[in-house]
Every structure is written in structure tokens, then in C-alpha cells.
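Chains as they are written, first to last, in this note's numbering: chain A, 7 to 157; chain B, 327 to 646; chain C, 8 to 508. We put the beta carbon where it would ideally sit given N, CA and C, even for glycine. Since this is a predicted model, take the numbers as computed values, not measurements. Contents: one structure, followed by commentary.
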């Protein structure tokens, strides 16, 4: 049996995985109740089941119909962008807004294909100044600006 | 003897000086609820007053989540240096401990209860089409139609919900609880007649009562409310001992120095007595609380904890 | 009729007082800024500004706060079109065609359409509020849980129409969204679902977090795929203004969107959101250019934009007449009113006519200000798009991250955003569309809440959805819509079967 439509094949698998997860978890942990007096597990179970079923249909479709191939999954931008966001979030308290923005800008810029030290540094600086002015001074959001050890 | 006196004086001065060195940096006031709700608003009313009195910025930080538990937990685990305050409420300190299996804080041991700020009664309101004009008639009606009456609440485990459960227990009636997400949608359905009654908080019930869109039967506190003085209390109407309020106040981590706690208590009550704060809190239905000292507040919390533990157990209001 | 005009006149004299005008301007400016900045929303802003409003007169305070609210709608549309980031939940639909138009060099017409459609809708809706507030409020009261549930079923069926790809996958994405929306505390039972013991998940995942991840991050990652600096936005920028052809195409969607939005905005709880994608769906079904939807059809911007702005205005009706807030922002306004000593409710109209009519008049003035502000800004926004992408995207990331972080001052939300970014990218690769998922995400918990509540109230009688006339109406329309959607797909399959056979 040949996979004629890879995109749909993986999509189907994803749906089946999600659907089954919600269905099984709901069954295991929450009360179903009855159709008339639904418990917390009812809706998720029904929906999870439906999702898994739909996933199956999509999967079968992919085995029968010709479909487009999955384009290449580019790991590099994924990793850099996601790590950049995580770095920002977890470095905000220790390094202050200044430090975390710098980290975010540099890491995300590294995820692109053009990296110019001067350009990125200027961008980072501008972003820090702008953010401090708009968010901390302007909107009074409670962000620390400087790293914690500088207090 | 003189040396002793001097030593004593020096010690007292040093202790006073330590208290005077506080606050040394901005103080954060954690509001464990989303921005804009009554608790958040009262925090934002208090903050500028404290800032004036203490000379350091007092910044309100919203930490919503888990019915208030997240913010309160954060406060409990903060450094007890006097720079972290939090608003603790009936939900976080008297009810949630019974509804949640594992609470990451102890409502009595992990906190100093600095000052009770707000106490608001709930009002028993019914839909105008319901043929009852008093609590007595309501009880009779409920007994005649078991399971037919719906009472709404702003959420499972809220004071409105538990007030209803208490009512059912004390009167031996059976009504169906319909939870909503917030007081407003519950009130809307009440006015439309889809539910029959709510134990709504005074602030949101008052406009509807005055406009005649709902009928008020009683208040949940032992004392009558200054806003609806002609309304009897549930206690007067035959449910002896019924006394429920929604309350919240300022708390700090348990090991905060005594001097700081006392100073804050003084400043907070000074703020509460100031005319503008007093007016605005009145608009919410709250008078300056009678429970004044930190010790009294702690005793109050302990009593509330006990009451609601009993109630949750007897009514089975735990989440299934 | 005469009464209305004298009331409106009263309102305008109040609203046009210099100080009130200034407050209106500040409000809409702030609102636009908030709308443009992802993550920071009108709720947080209004909450932070509440203490300042204590010192203002009630009218001035409310005018400013209201300005922030509908100003944010304008700003949210701007980011939706420019960078595929929906500032407000009702801007999600604008992303679909608006962003595509921007990529084709047509950001100018898209932005202009959004601004003008919103203005038109705002004016009409303000008139509707002025003339029909009390009777419309009564209609709103007729909507109980059963009616809401059926309306949302209709909305979800319509959500499927939003997708332009595979029907099956669109439905699956809707259901996935529904399921993800269920994470958190269950209203009806108080049970914490799918939270894995993480307390931060107790209130569910926020819309902003999911939207930033699925729309924003996924888009950035996808754009970074290729080595050569792919021009994300073509340098060739055509007119800044809609063409004649555009005008011809957009006036009807604007009209339809306005009325649909006005109608749905009255319903407390979810009305305005349903309005925007209901309008989009309606347009897609009636338009001759349906095949262009999703690829940059101007109708796909005009319809939802007019709908969401009309909805934003009419959502004041339940607030001003009944004291019922339609959404979180309205709830804040009630708080603001109460602090000022005003009890929201039906008596506001009679006891404080200046307040009531002043607010209504200021809504019109605010809309005017927003158009005047936003149209010249279009040129500036276009310039912004010509900035090389390698500089643009880190900036977007900064704003997104700050915005999401500020939701609860915790890193956790950014972590979730990253997760959804990954999911969003995977979905892009697998050609599964995010818009139906997001709509399912928002509507899911509401649907379940209303379904269970309706069943509770009817003591377990499922016929309640058919017995109530309004509810039955929506169910019937849903079924019809489903059939209309399914027929072409089924017919196609039959044709294929015939050809192969």
C-alpha cells in the first residue's frame, strides 16, 4: 500500500494522535455522566473520538488519492525562533528587559540566513530603547529593565 | 541601672531604625485576579495611598489563575522583607482549601493577615415572576416544588454557590445549582427568568433591585445593609446564625517582621478611612470593616476556614 | 423620532465639549496603539488606567475607556493585515485575506478598506444603538443557553466554510480547536481538565497565546525557510487606495457585514466574534469571486471589518440598557461606572441622559477620529513593510513576546506560544488551516458551557433545542448550511467515481 498523499497521511496521523489522546485521557480521569447530565469527561471524549475518526478518514484518503508531498521541514528556523522566544521569557527576570531583548534579537537573527553583527546590534539597541519607553514608561508594565544583579 | 536603660534605649532605637529602613525599594501588591475585577480595582485604589504614606512606589501586579491560588501562592513563597503584599480573599483562604485536594500554601500558617479591607454581603434576589415576596414564602414554595427551582451562581465554589447550599441545608429544601462564568451572565438569566434565584453580591445586585428588574428578599449578613435597610437578614427570616460575606484583605508572607505588619495595618486603615477610597468602596457595597487588628483578622480567617470546611463537607459541594 | 434627534443633539453637545473631545482622542489613540501591539489588550490597559479615571468626570472617563475599546479594534485589524497577527479575536478573519493582500503589494487598499468599512459600520451601528437600544436589549434577553448553543453550532459550521482546502481537514481542525479550548477549569463541575497539574493552565490557554503562536510564529518560521532573502512583501506596491474595481466589490459586503455585525453584537458573550466570521462566510457564499477568498479578495476584508466594528458598537447596548457586560472590556466599564457612583442599568437612560447620549455621540466622534487618524497612517505602514524582512521579523518577535509575557507576568505563556508556534508550523506544512482551529478554540468552551447549562435547565430534555423557536431556527440553518457545504464535495466524489468507473 503506497502512500499516495503524504501531506494528508501525516495530517491524518496527527489528528488521530490528538483525538485518541483527548479521548483516552478524558475516559481515564473524568466522569462521563450521562447524555442528559453530562460530566466533565463527556464532551472531550465525544470530540476526541470524532477527531480520531476524521483523522482516520483523512489517512485513508491519503492512501487512495494522489496528494501533494510534504515540503521539507526546515529545522533551523524552527529551533532558533522558538529558542529565541523561550530565551526572552526565561531571561526576563534575571537579565531584565534589556538583556532578554538582546538575547531575543540575536538568537532570532541567527535563525535567518543573513547575519550582520553591526546591523543586529543596532536593531537590538533600538528595540530595547523603544520597548522601555513604550512598555515600561508608557504603559507602566511591571518589567525589570536591568539585570537583577545590578540592583 | 543606667547602663541597662541606655542599652534598652539603644536596642529600641535600633529596632525602630530597622523598621524605618523599610521600605527600601518598590513594594509589589499582588492581585491574584484578572485586571478590572472588584479585587483588582480595590488594590488599585489602595496602592496610591500606600505609596504616599510609605514613600516608595507600590505597584499592583496581576497574577490571575486557579481561582486566586496562583497569586496567593506566589506571595506566600516571597521573601518576608516587607516588600511583597498580596490580596487574599475568602476564595483563596477559606473556600479553596476545601475544594482543592493539594493546596500549595497553608492559609493560616503561611501568611500574616495584615488588614481586612472589604466585606460585601450577598443578597438573595429572585426573578420578579416568582410568586414569593419573602424568605418564608420562598421556603414554602421550594418545599412544595422540590427540584424545580434553579439557583444560579457566579462559579462553583463561590460565595453565591455556598450561600445557596447553606440555605438548602438549613431549610431542608432541594434546588438545582446552575453555575455560570461570572455574576453578570447569571444575573442576565435571572432577569430573563431562566433561573429563579441568585445569592448575588450586593454591588452587582443593587442596580437591578433598585430598577425593579429583580426582587430582593434578604441579605446574607447578620446585620442589615446600609444600602437596603428595609431588607431583612436571612438570620432574621428564620435561618438563625446565617452570616456570610464576600471579603478580601491584605496579607504578607508569614515571617514578615511585626513592626512592618503593624505599620501597614495602620496605613491601610488610614487609607480606608480617607474620604475618596471610602466613597468608592461604598459604591461596591462595602463599609470599613469592624475587624481591625492583624490578630483579629487572623482569628476571622480561622473562623471562616472552619465554617466553610463544615459547609463544603455537609453539602458535598466539591467538584466531581 | 423627534425625541431621538433632540437626544442625539444633547449627546453631541456633551461629547463635543473640548475636554471630552480630548479624552476621546486620547482614548482612541491609546486604543489604536494597544491594538497594534500584540498581546497588550484593551482589558489590561483599561484596568491600568482605571485609577486615573477616578479623577475625571464620569462622562469623560467613559468616553476615554470606550475609545480605547473600539480603537483597539482598528489597531488589531492593522496588524492582522500587515503581519498576520490578529490583535483581537475578531481580527482573526481579517488575517485571511488582508495579509494575503499585503503580500501582493496591496496593503494600502486593504488598510483603507478596513478603515472605511469600519467607519461606515461604526456610524450605522451608532445610529442603531441610538434608535433601537431598548427593544434590541429585550431581544438579547431572549437568548438563553439553548439559543446560544444553537447559534454557536451555526457559527462552527460556518467556520468550516472559512477554509479553502480540504473539507475533512477543516472540520478536523475545528474539532482540534474545540478540544484545546476545553483545557482548564470546567464551568459546570469545577473540575480541572487536561492541565497535567500545571496550575498556570487552570484558567485555560489564552486566545492571545494561541493566536500569536499559530499565526505569528508559524508565519515567521515559514518565511525563513529559504536561503535567498525571499521577499515576503513584494516591492511592487500598487496604489495606496482601493481601485474603482475594488470600490465596486466592497460596498455590498460592507453593508451586509454591518447589519450582521450589529445584530450579533447585541448578544452578550461571543457576539462580536461570531459577527466577523459570520460575515466572511456569508460573503464567501454569495460572492461571485468566492474562489479568490483566502488569496486576497477585498471582500474578505470589508465584510469582517465592518461586522466587527458594528458588533463592537452594538455590544454597548446590553451594557447601557441592562447593565449586562458583553465581554471583559464591558465588565471593566461597569466597574468604572460603579466607582463613579453610577449604577449601570435601564435607569441610566432616564436618570442620566447626558451620560447615555453623550457616550453614544462620542462613539460616532471616536470613529471619525479613527478614520482621520488611520488613513494617513497607511502610507507610514506601507513604508514599514519595505523594511528588509531580516530586520522586521526580530522586531515583530520582540513585540509579540513582550505582549504575551505581560498577560500574567510569567514565562509560561511564552512557552505555550512557542509550542503553538511549532504546531502552527507543522500545520502549515501539512496544509491544515489555523483559522478554523482558532474559531473552534474560542467557541468550544462556550458551546459546552451552554449545552450543559441548557440540559441542566431543561432537566435533561434534549428536545429543548428544537422546542425553543430561536434555537430551532439556528439549528435548521446549520443543517441547511452543512448540506450546502457538503453537496459540492459529494458531487465531486461522485463524478470522480463515475469517471473512473
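### Query
For the beta strand (DSSP E) that contains residue 543 of chain B, what are its first and last residues?
540 to 545
### Query
From which residue to which residue does the beta strand (DSSP E) around residue 348 of chain B run?
Run containing residue 348 of chain B: none; DSSP gives neither H nor E here.
### Task
Pull up the CB-CB distance for residue 571 of chain B and residue 446 of chain B, whole angstroms please, since I reckon it's below 8 angstroms.
6 angstroms
### Query
Is residue 46 of chain C near residue 447 of chain C, with beta carbons less than 8 angstroms apart?
no
### Task
Spatial neighbours of residue 300 of chain C within its chain, please: CB distance less than 6 angstroms, with the 5 preceding and 5 following residues excluded, ordered by chain position.
291, 307
### For residue 321 of chain C and residue 272 of chain C, believed in contact at Cβ under 8 angstroms, the rounded distance
4 angstroms
### Query
If we count Cβ pairs, one from each stretch, closer than 8 angstroms, do we get three or more for the stretch 467 to 485 of chain C versus the stretch 176 to 183 of chain C?
no
### Message
At a threshold of 7 angstroms, does residue 425 of chain B count as lining the ligand HEM (C-beta to nearest heavy atom)?
### Response
Summarising the ligand content, the structure contains no ligands, and the ligand HEM is consequently not present.
### Query
Going along chain B, which residues have a C-beta under 9 angstroms from residue 194 of chain C?
481, 482, 505, 506, 507
### Query
With DSSP run on the structure shown, which of helix, strand or coil describes residue 476 of chain B?
strand
### Task
Using a threshold of 8 angstroms, state whether the C-beta atoms of residue 156 of chain C and residue 458 of chain C are closer than that.
yes
### Delimiting residues of the beta strand (DSSP E) encompassing residue 453 of chain B
437 to 453
### Message
Could you tell me the alpha carbon to alpha carbon distance between residue 224 of chain C and residue 381 of chain C, rounded to whole angstroms?
### Response
26 angstroms
### Query
For residue 54 of chain C and chain B, any beta-carbon pair shorter than 8 angstroms?
yes
### Query
Nearest to residue 387 of chain B by CA position, among B:357, B:394, B:406, B:401, is which residue?
B:357
### Query
Got a sec: is the Cβ-Cβ distance from residue 200 of chain C to anything in chain A below 8 angstroms?
yes
### Query
Nearest chain C C-beta to residue 137 of chain A closer than 8 angstroms, yes or no?
yes
### Message
Taking only three categories from DSSP, how would you classify residue 210 of chain C?
### Response
coil
### Task
Indicate the three-state DSSP secondary structure (helix, strand or coil) for residue 556 of chain B in the structure shown.
coil
### residue 15 of chain C beta carbon less than 8 angstroms from that of residue 366 of chain C
no
### Message
Pairs of beta-carbons, one from the stretch 400 to 412 of chain C and one from the stretch 188 to 206 of chain C, closer than 8 angstroms: are there three or more?
### Response
no
### Message
Residues of the stretch 451 to 462 of chain C in Cβ contact with chain B at a cutoff of 8 angstroms, in chain order, please.
### Response
456, 460
### Backbone secondary structure at residue 231 of chain C - three-state DSSP
coil
### Query
Given residue 7 of chain C, which residues of its chain have a CB within under 6 angstroms of its CB, disregarding the five upstream and five downstream residues?
Chain C is shown only over 8 to 508; residue 7 of chain C falls outside these bounds and no answer can be derived.
### Task
Mind listing the chain A neighbours of residue 224 of chain C? Cutoff is C-beta to C-beta under 9 angstroms, in chain order.
87, 88, 91
### Query
Which value, in whole angstroms, describes the spacing of the CA atoms of residue 338 of chain C and residue 351 of chain C?
11 angstroms
### Task
Note down, in chain order, every chain B residue with its Cβ under 7 angstroms from the Cβ of residue 416 of chain C.
387, 389
### Task
Put residue 525 of chain B into one of helix, strand or coil per three-state DSSP.
strand
### Task
Classify residue 12 of chain C as helix, strand or coil using the three-state DSSP reduction.
helix
### Query
The beta strand (DSSP E) with residue 573 of chain B in it runs from where to where?
571 to 579
### Proximity of residue 103 of chain A and residue 149 of chain A at Cβ, strictly below 8 angstroms
yes
### Query
Since residue 93 of chain C and residue 222 of chain C are thought to touch, with beta carbons under 8 angstroms apart, how far apart are those beta carbons, to the nearest angstrom?
6 angstroms
### Query
Could you check where the beta strand (DSSP E) with residue 414 of chain B kicks off and where it finishes?
410 to 415
### Task
Would you check if the distance between the CB atom of residue 72 of chain C and the CB atom of residue 53 of chain C is smaller than 8 angstroms?
yes
### Message
Looking at the secondary structure, which residues open and close the alpha helix (DSSP H) in which residue 9 of chain A lies?
### Response
From DSSP, residue 9 of chain A is part of no alpha helix (DSSP H); its letter is neither H nor E.
### Task
Could you tell me whether the Cβ atoms of residue 74 of chain C and residue 38 of chain C are closer together than 8 angstroms?
yes
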